[in-house]
Amino acid sequence: MIRALVALVVVLGACAPPPADELAVERVNTLPLNTFPPFSARVTEATIVQGLASKIRSLPPARLDVWCPFDWGLKYDLDFRHQGTRLLHGVVDAGGCRTLSLGAGDVRQTDESFWATLAGALNLYTRGSDLFPTPIPGH
């Protein structure tokens with residue numbers, strides 16, 4: 010019985026995806042009437058990348074039956090990789106309801122802790138507004 014349990018643990022461990030070791034972040038503008046300063050970053054410190062990926066996986070499903078604040082069309086594309094192979098991809102809204110879409114209908118609700126973790130991973134002030142710049146209309 011113990012051998013079977015050990016074998017099961019080994020098999021399940023072998024099936025687990027490898028941990029992310031890189032994060033690429035790109036600021037995306039989805040409304041042509043607004044312009045945001047460009048931003049892209051790459052994080053390669055594995056513990057930071059894995060911490061943010063874990064935070065994302067722990068976020069609750071988004072409630073889609075709520076009214077959201079105004080959305081300027083600012084999003085961030087998050088690409089988690091292991092040795093160049095994509096493991097997790099998400100697009101997070103920096104406005105409106107600030108939801109995170111992981112694809113296939115999986116939409117999560119972010120919170121202040123998520124945004125502070127993302128800012129910290131990007132070496133931005135965790136209590137600042139660097140992730141939420143004011144749009145430049147008409148550019």
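Going by my numbering, the sequence shown opens with residue 10, and the numbers climb by one from there.
Ideal Cβ placement from N, Cα and C applies to all residues, glycine included.
In this text the structure is predicted, and so the values were computed from the model without any measurement.
CA-CA distance, residue 91 to residue 139, rounds to 27 Å. With respect to the C-alpha of residue 87, the residue from 77, 121, 61, 42 having the closest C-alpha is 61. With a cutoff of 8 Å on beta-carbon distance, residue 119 and residue 108 are scored as near each other.
For the options 53, 35, 136, the alpha carbon positioned closest to that of residue 83 is the one of 35. Rounded to the nearest angstrom, the gap between the Cα atoms of residue 121 and residue 135 is 10 Å.
Just so you know, the alpha carbons of residue 75 and residue 58 end up roughly 31 Å apart. As DSSP reads the structure, residue 85 sits in a beta bridge with 36, 101.
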